[in-house]
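Participant: Chains as they are written, first to last, in the working numbering: chain A, 1 to 144; chain B, 1 to 170. Below: one structure in structure tokens.
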Amino acid sequence: MRVKSIMAAVLIAGSAWVSAAQAATAPKRVQVTGEIIDTWCYVTEIMYALGTAHHKCAIWCAAGGIPVSIKGDDDTVYMVLKVEGDDVTVANPKMLTIQTHQVSVDGDLYVRDGVNYLIVNAVADDKGVVNMTHEDYGIQPFGE
Amino acid sequence: MNRSVLTAICMTLAVSGAQAAEEWGIEHEKKARVDAKVVDLLCEVTGECADNCGNGTRQFGLLFDDGRLVPVVKNFDIFAGAHEDLKAMCGKRITADGLMISNPKMPLFALQFKREAPDGKWSRANWFIKEWSKANPGKPGKAWYKHDKRVLELIAKDGVYGIPGLKAAE
């Protein structure tokens with residue numbers, strides 16, 4: 001009897017642990033609307049890093065393998081780890097071609113240690129580059 | 001644009017000979033020499049893994065002993081990430097020397113030097129340009145971004161603003 005009680009307690013505790021682990025790693029299905037950005041320049045604010053003013057630099061950084069993110073319309077930053085089934089996120093050709101674009105994407109969101117990691121399942125809408133910032137900020141970072 | 005910060009970074013990249021991390025004047029930065037395991041972020045976060053972390057095609061992170069995960073977003077080369085520096089260290093414990101940037105938007109690590117822990121040989125985290133130069137013989141590695149074929153093709157197609165037909169002011 002006592003053995004059965006102990007086994008039951010172990011099983012209950014074990015299943016609770018498994019549930020917690022699954023909850024911690026389970027993604028949340030999301031739709032994100034925002035601008036494709038270079039993670040480094042935008043987060044560190046070493047220069048103005050949005051829109052047309054920063055497009056060329058964003059291409060440089062994506063080609064250099066710096067992670068690409070989406071700045072949501074609510075200013076949340078989502079680092080992209082996979083896009084439309086392609087697990088290449090170092091200089092991904094698709095991400096290079098849509099850099100600075102205003103997009104809506106369907107994806108799976110994983111949040112860990114203050115970072116929003118996004119698996120982009122589909123780019124549902126792509127309005128191209130619409131954030132016209134160059135008249136105020138020129139061409140970042142070298143002005144040419 | 002914060003020109004002073006950018007200038008400081010460019011000057012550091014150009015002339016520094018130090019063997020320890022240098023401050024770049026970035027808000028929330030802190031010099032950090034840390035021991036951690038090099039992991040494939042996609043694998044660590046989602047469980048979708050690849051041999052040898054995808055051989056440098058996936059983004060890397062540092063996994064600390066307490067389970068904390070921090071993405072490595074930058075190396076020591078201008079406009080470049082750390083994939084070339086870390087791809088041979090997939091799954092290994094390293095000592096990473098650089099900047100821990102604890103920005104509220106998201107934390108990130110900028111790698112300046114690395115070695116296998118505990119006593120491997122230090123090397124500067126500037127392997128992107130080394131590899132780019134091997135793949136682009138005769139082109140100036142320090143200005144790789146001005147000579148990269150992918151960049152040139154995209155700028156030629158869409159222009160510097162990303163909008164075909166919209167020209168830069170003279």
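Don't be surprised by glycine CBs; every beta carbon is placed ideally from N, CA and C.
Any C-beta of chain A within less than 8 Å: which residues of the region 53-74 of chain B qualify?
Facilitator: Result list: G54, G56, T57, R58, Q59, R68, L69, V70, P71, V73 and K74.
Participant: Looking at C-beta atoms only, is the number of pairs between the region 39-56 of chain B and the region 100-112 of chain B that lie closer than 8 Å three or more?
Facilitator: Output reads no: the region 100-112 of chain B does not touch the region 39-56 of chain B.
Participant: State yes or no: is the C-beta of I155 of chain B within less than 7 Å of the C-beta of G141 of chain B?
Facilitator: Against a cut-off of 7 Å, the Cβ pair of G141 of chain B and I155 of chain B comes out as no contact.
Participant: What did DSSP end up calling I155 of chain B once you bin it into helix, strand or coil?
Facilitator: I155 of chain B: helix per DSSP, three-state reduction.
Participant: Buried or exposed: where does K71 of chain A fall if 16 or more other Cβ atoms within 10 Å of its Cβ makes it buried?
Facilitator: With 16 or more Cβ atoms within 10 Å of its Cβ, K71 of chain A is classed as buried.
Participant: Using a Cβ cut-off of 7 Å (strictly closer), state whether Q22 of chain A contacts chain B.
Facilitator: Reliability fails at Q22 of chain A, whose pLDDT of 41 lies under 50, so the model's placement of it is uncertain and the value that follows must be treated cautiously. Q22 of chain A does not count as touching chain B.
Participant: For chain B, check one thing: does any of its Cβ atoms lie closer than 7 Å to the Cβ of C41 of chain A?
Facilitator: Taking Cβ atoms only, chain B never reaches closer than 7 Å to C41 of chain A, which makes this a no.
Participant: If we ignore side chains and look at the alpha-carbon of each, how far apart do A21 of chain A and L69 of chain B end up?
Facilitator: With a pLDDT of 38 at A21 of chain A, under the threshold of 50, the modelled position of this residue cannot be trusted; read the value that follows with caution. Their Cα atoms are separated by approximately 16 Å.
Participant: Would you identify the three-state DSSP class for V38 of chain B, choosing helix, strand or coil?
Facilitator: Of the three classes helix, strand and coil, the one that applies to V38 of chain B here is strand, per DSSP.
Participant: In three-state terms, what does DSSP make of V129 of chain A?
Facilitator: DSSP places V129 of chain A in coil when its eight states are reduced to three.
Participant: Measure the alpha-carbon distance for E23 of chain B versus Q112 of chain B and round it to whole angstroms.
Facilitator: Whole-angstrom Cα-Cα distance: 10 Å.
Participant: Below 9 Å between beta carbons is the criterion; list the residues of the region 99-120 of chain A that meet it against any residue of chain B, in chain order.
Facilitator: Residues Q99, T100, H101, D108, Y110, R112, D113, G114, V115, N116, Y117 and I119.
Participant: Under three-state DSSP, which class holds E131 of chain B?
Facilitator: E131 of chain B falls in the helix class under three-state DSSP.
Participant: Just tell me which of B:F76, B:R150, B:N136 and B:P137 has its CA closest to the CA of L96 of chain A.
Facilitator: Here the closest residue by C-alpha is B:R150.
Participant: Check this for me: beta carbons of L62 of chain B and A36 of chain B, under 7 Å apart or not?
Facilitator: Cβ distance < 7 Å, so L62 of chain B and A36 of chain B count as in contact.
Participant: Report, in whole angstroms, the separation of the C-beta atoms of V130 of chain A and Y161 of chain B, which I expect to be a contact under 8 Å.
Facilitator: Not confirmed; about 11 Å, so no contact.
Participant: Give a yes or no on whether the C-beta atoms belonging to A125 of chain B and D85 of chain B are separated by under 7 Å.
Facilitator: Yes, Cβ-Cβ distance for A125 of chain B and D85 of chain B is below 7 Å.
Participant: Measure the alpha-carbon distance for P137 of chain B versus K146 of chain B and round it to whole angstroms.
Facilitator: Rounded to the nearest angstrom, the two C-alpha atoms are 14 Å apart.
Participant: Could you say if the region 107-119 of chain A and the region 36-46 of chain A meet the contact criterion of at least three C-beta pairs nearer than 8 Å?
Facilitator: They do not touch, by the three-pair rule.
Participant: If we call anything under 7 Å between Cβ atoms a contact, is H28 of chain B one with S102 of chain B?
Facilitator: Going by C-beta atoms, H28 of chain B is nearer than 7 Å to S102 of chain B.
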